[in-house]
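Contents: one structure, followed by commentary.
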């Protein structure tokens, strides 16, 4: 049973204009996170205080919602589906994907160490934040945290598989990626890389391959509806234990975000550039010796601190 004193419910609270603007900004931040393989939009939702509402809202799209929609009870369907929340959040995500994708790619090319350091700091602070929510850490919660840590570490070090094709592969890729998207610490785009589907999805979006995108979207919908119900049930019944597990997963993903990596496996993007799938973390001076490049240690530390400050600001703004 859920006996944690800080376990939230999924009650939807009325929002002011400022609240709707804040929701749009949260969606924009989630969109930016999904541009970076290894950073989860679910993590952003969690640290900005909308995670439980997001999971509960997705769970509401069930047979009852469908009956309301098909019977023409539009207002009831809108309210049950928390449609205002969904639309503003999606609008924020799409806004950042369209407006900031080029900037993030530019940062990857010209300031990669700083970008990874920023997200490393952000996720590190998020782990500390979640660990503070879980307290006290008893034996069961600690065991779940360790299991999550191992899981996150293994997932972050997968080297990718040979890309497959066909509708069933596309459907499965959509379901798996969307489940990763909703989980803090596991990136949907990174899972697509692991499945060998990242390039196919990006190319389909660029070329507006409607048939491919329709199958992929169906996979996303199926995975999201099924997994959100399980996750919502876990958060309502075993809140602290579920958070302990997710905290471990986020901690395990940190090695994927470490700014200094020795590339061990990669794929080539559309421009012929190498994109890392699996890397071996290195110390800054080892990086300098191995690659002969400046580790940019001072700037990386400042970028990591900036990421931590973002979490502190978001935490204070949601209290």
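Numbering (our numbering), first residue to last: 4 to 322. Beta carbons: idealized from backbone N, C-alpha and C, even for Gly. Predicted model, so just to flag it, every value in this text is computed and none were measured.
DSSP three-state label for residue i, please.
i: residue 169; result: coil
i: residue 96; result: helix
i: residue 74; result: coil
i: residue 241; result: coil
i: residue 39; result: coil
i: residue 140; result: coil
i: residue 185; result: helix
i: residue 147; result: helix
i: residue 50; result: helix
i: residue 160; result: coil
i: residue 256; result: coil
i: residue 295; result: coil
i: residue 117; result: helix
i: residue 29; result: helix
i: residue 233; result: helix
i: residue 129; result: helix
i: residue 18; result: coil
i: residue 110; result: helix
i: residue 63; result: coil
i: residue 200; result: coil
i: residue 212; result: coil
i: residue 191; result: helix
i: residue 84; result: coil
Using a 10 Å radius around the Cβ and a threshold of 16 neighbouring Cβ atoms, would you call residue i buried or exposed?
i: residue 56; result: buried
i: residue 213; result: exposed
i: residue 312; result: exposed
i: residue 264; result: buried
i: residue 105; result: exposed
i: residue 200; result: buried
i: residue 139; result: exposed
i: residue 319; result: exposed
i: residue 97; result: exposed
i: residue 229; result: exposed
i: residue 262; result: buried
i: residue 12; result: Model confidence at residue 12 stands at a pLDDT of 45, short of 50, so the residue's coordinates are unreliable; what they give is reported in the following sentence. Answer is exposed; the Cβ neighbour count stays below 16.
i: residue 218; result: buried
i: residue 6; result: Per-residue confidence for residue 6 stands at a pLDDT of 47, beneath the threshold of 50, marking its modelled position as unreliable; the derived number appears in the next sentence. Label assigned to residue 6: exposed.
i: residue 204; result: buried
i: residue 266; result: exposed
i: residue 231; result: buried
i: residue 69; result: exposed
i: residue 99; result: buried
i: residue 226; result: buried
i: residue 124; result: buried
In this structure, what does DSSP give as the bridge partners for residue i?
i: residue 265; result: 283
Taking Cβ to Cβ, would you say residue i is nearer than 9 Å to residue j?
i: residue 32; j: residue 51; result: yes
i: residue 251; j: residue 131; result: no
i: residue 306; j: residue 118; result: yes
i: residue 43; j: residue 159; result: no
i: residue 59; j: residue 235; result: yes
i: residue 86; j: residue 79; result: no
i: residue 103; j: residue 38; result: yes
i: residue 170; j: residue 180; result: no
i: residue 73; j: residue 83; result: no
With a cut-off of 8 Å on the beta carbons, I'd call residue i and residue j a contact; round off their distance for me.
i: residue 260; j: residue 61; result: Residue 260 to residue 61, Cβ: 26 Å. No contact.
i: residue 34; j: residue 95; result: 7 Å
i: residue 155; j: residue 254; result: 6 Å
i: residue 129; j: residue 314; result: 6 Å
i: residue 198; j: residue 207; result: With 8 Å as the limit, residue 198 and residue 207 do not qualify as a contact, their Cβ atoms being about 14 Å apart.
i: residue 27; j: residue 91; result: 5 Å
i: residue 249; j: residue 151; result: 6 Å
i: residue 133; j: residue 246; result: 6 Å
i: residue 137; j: residue 243; result: 5 Å
i: residue 49; j: residue 187; result: 5 Å
i: residue 298; j: residue 284; result: Not confirmed; about 13 Å, so no contact.
i: residue 21; j: residue 53; result: That belief does not hold up - the Cβ atoms of residue 21 and residue 53 are roughly 15 Å apart, past 8 Å.
Any heavy atom of the ligand NAP within a distance shorter than 8 Å of the CB on residue i?
i: residue 306; result: The ligand NAP is absent from the structure shown, which contains no ligands of any kind.
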